[in-house]
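**Q** Per UniProt numbering, the sequence shown starts with residue 1, numbered consecutively.
Positions of the beta carbon are idealized from the N, C-alpha and C atoms, including for glycine.
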Amino acid sequence: MASWILVPCLVKLRSEFNTIAPNRDRSSDGSVGDTAHQSSQSDHNPDETGNVPIRDADKKNEVHAIDVDADLRTPGLTMEKVVQFLIARSKSGAEKRLRYIIYNRRIWSASNGWRQQSYTGANPHDKHAHFSSSYETNREASVASWHLEDIPVALTADDKKWISAEIAKQVKAQIDDIWSFNVGKATNTPTQRADGAIVTTNLRTGAIANDQMPKLFDAIEQLTADVAELKAQVTAKS
Numbered sequence: 001m002a003s004w005i006l007v008p009c010l011v012k013l014r015s016e017f018n019t020i021a022p023n024r025d026r027s028s029d030g031s032v033g034d035t036a037h038q039s040s041q042s043d044h045n046p047d048e049t050g051n052v053p054i055r056d057a058d059k060k061n062e063v064h065a066i067d068v069d070a071d072l073r074t075p076g077l078t079m080e081k082v083v084q085f086l087i088a089r090s091k092s093g094a095e096k097r098l099r100y101i102i103y104n105r106r107i108w109s110a111s112n113g114w115r116q117q118s119y120t121g122a123n124p125h126d127k128h129a130h131f132s133s134s135y136e137t138n139r140e141a142s143v144a145s146w147h148l149e150d151i152p153v154a155l156t157a158d159d160k161k162w163i164s165a166e167i168a169k170q171v172k173a174q175i176d177d178i179w180s181f182n183v184g185k186a187t188n189t190p191t192q193r194a195d196g197a198i199v200t201t202n203l204r205t206g207a208i209a210n211d212q213m214p215k216l217f218d219a220i221e222q223l224t225a226d227v228a229e230l231k232a233q234v235t236a237k238s
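1) Quick check on residue 229: buried or exposed, where buried means 16 or more other Cβ atoms within 10 Å of its Cβ?
2) If you drop the 5 nearest sequence neighbours on each side, which residues of the same chain put their C-beta closer than 8 Å to that of residue 107?
3) Could you tell me which whole beta strand (DSSP E) segments of length 3 or greater appear in the segment 58–134?
4) What span of residues does the alpha helix (DSSP H) with residue 137 cover, start to end?
5) Put residue 6 into one of helix, strand or coil per three-state DSSP.
6) Measuring CB atoms only, is the segment 148–159 touching the segment 72–81, in the sense that at least three cross pairs come out at less than 8 Å?
7) Residue 71 and residue 25 look like a contact to me (Cβ under 8 Å); what is the Cβ gap, rounded to whole Å?
8) Cα separation between residue 254 and residue 235?
9) Kindly list the residues whose CB is nearer than 6 Å to the CB of residue 86, restricted to its own chain and excluding five residues on each side of it in sequence; keep chain order.
10) Tell whether a beta-carbon distance below 9 Å holds between residue 43 and residue 11.
11) So, are the CB atoms of residue 97 and residue 142 less than 9 Å apart?
12) Buried or exposed: which applies to residue 240, given that a residue is buried once 16 or more other Cβ atoms fall within 10 Å of its Cβ?
13) What do you get for residue 158, buried or exposed, if any count of 16 or more other CB atoms within 10 angstroms of its CB means buried?
14) So residue 68 packs on residue 128, CB below 8 Å; how close in whole Å?
15) If the criterion is Cβ atoms closer than 9 Å, does the pair residue 145 and residue 231 meet it?
16) What does the alpha-carbon distance come out to for the pair residue 6 and residue 166?
17) Select from 149, 95, 61 and 34 the residue whose C-alpha is nearest the C-alpha of residue 81.
18) Going straight from the alpha carbon of residue 19 to that of residue 9, what length do you get?
19) Can you tell which of 221, 147 and 57 has the C-alpha that lies nearest to the C-alpha of residue 138?
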């Protein structure tokens with residue numbers, strides 16, 4: 001077979017699969033067609049030398065389809081989610097680089113408005129999803145983001161642990177700022193802290209207004225409540 005390349009838009013799509021699912025199974029991945037594909041019309045065949053449904057405008061020997069293994073091996077992420085995400089973007093007009101998708105005995109095509117139809121081909125495509133791209137030069141060559149990183153997935157235990165630790169770190173920094181800024185400003189001493197013993201003296205002598213400390217405590221109490229609510233939301237994510 002003559003040398004061939006995969007159209008850039010599908011190179012980008014495959015790359016984004018690798019990014020969102022770095023440990024995914026690749027055993028059912030594919031691009032250029034095997035002998036079975038070569039004997040019939042297929043987007044897996046190179047468009048200058050193979051049997052393809054469309055001939056594009058350039059003279060590059062390009063393949064316009066990829067298969068991506070369905071086992072993504074990422075908690076909360078499934079091929080079904082990815083397929084439905086791409087279909088939704090295609091339906092809305094946000095994405096125009098795909099011609100059709102086949103997955104798990106179903107097919108969705110741009111030509112019929114991305115309506116789901118039964119797929120009755122010999123291969124049910126239950127082990128991988130098939131993505132066929134446009135043959136239009138600008139679309140097939142586009143390496144703009146497919147936005148797969150926007151697909152919502154459940155937080156893992158490690159995610160929750162990291163977020164909780166980050167919240168605690170940021171809150172501590174903010175509380176330190178509140179103490180230092182407010183008391184330092186009131187005493188005209190930038191290094192002055194509210195948790196220092198000198199604060200008591202300043203309060204007694206009137207250097208710090210008697211109503212300032214309650215305001216600080218109220219602000220910290222509200223911040224603590226907000227953090228508790230945020231932590232509860234993180235823990236509840238699934």
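**A** Walking through what the data contain:
1) Locating residue 229 in the sequence shown gives position 229, where the first residue counts as 1. It counts as exposed.
2) Working through the sequence shown from its first residue, we reach residue 107 at position 107. Counting only residues of its own chain and dropping the five nearest sequence neighbours on each side, residue 107 has a CB closer than 8 Å to the CB of 100, 101, 116, 117, 118 and 119.
3) Restricted to the segment 58–134, the beta strand (DSSP E) segments that are unbroken, complete and at least 3 residues in length are 65–69, 98–103, 106–109, 116–118 and 128–133, listed in chain order.
4) Locating residue 137 in the sequence shown gives position 137, counting from the first residue. Per DSSP, residue 137 belongs to the alpha helix (DSSP H) from 137–140.
5) Sequence index remark: in the sequence shown, residue 6 carries index 6 (1-based). Reduced to three states, the DSSP call for residue 6 is strand.
6) With three or more CB-CB distances shorter than 8 Å, the segment 148–159 counts as touching the segment 72–81.
7) Position 71 of the sequence shown, counting from 1, holds the residue named residue 71. Position 25 of the sequence shown, counting from 1, holds the residue named residue 25. Distance from residue 71 to residue 25 at the Cβ level is roughly 4 Å; contact confirmed, criterion being Cβ atoms closer than 8 Å.
8) For residue 254 there is no data in the structure shown, the boundaries of the chain being 1 and 238.
9) Position 86 of the sequence shown, counted from the first residue, corresponds to residue 86. Hits under 6 Å: none found.
10) Translated into positions along the sequence shown, residue 43 becomes position 43. Translated into positions along the sequence shown, residue 11 becomes position 11. Not a contact, by the Cβ cut-off of 9 Å.
11) The count along the sequence shown starts at 1 and reaches residue 97 at position 97. The count along the sequence shown starts at 1 and reaches residue 142 at position 142. Result yes, Cβ atoms of residue 97 and residue 142 sit closer than 9 Å.
12) Shown here, the chain extends from 1 to 238; a query on residue 240 therefore has no answer.
13) If you number the sequence shown from 1, residue 158 lands on position 158. Classification for residue 158: exposed.
14) As a position in the sequence shown, residue 68 is number 68, starting the count at 1. As a position in the sequence shown, residue 128 is number 128, starting the count at 1. 6 Å between Cβ atoms; contact.
15) On the sequence shown, position 145 is the one that residue 145 refers to. On the sequence shown, position 231 is the one that residue 231 refers to. Their beta carbons are not under 9 Å apart, which means residue 145 does not touch residue 231 by this criterion.
16) On the sequence shown, position 6 is the one that residue 6 refers to. On the sequence shown, position 166 is the one that residue 166 refers to. Between the C-alpha atoms of residue 6 and residue 166 there is a straight-line separation of about 42 Å.
17) The residue given as residue 81 occupies position 81 in the sequence shown. Of the listed residues, the one whose Cα sits closest to residue 81 is 149.
18) Here residue 19 refers to the residue found at position 19 when the sequence shown is read from its first residue. Here residue 9 refers to the residue found at position 9 when the sequence shown is read from its first residue. Using only the alpha carbons, I get a separation of about 15 Å.
19) Against the sequence shown, residue 138 aligns to sequence position 138. Looking at the Cα atoms, 57 is the closest of the given residues.
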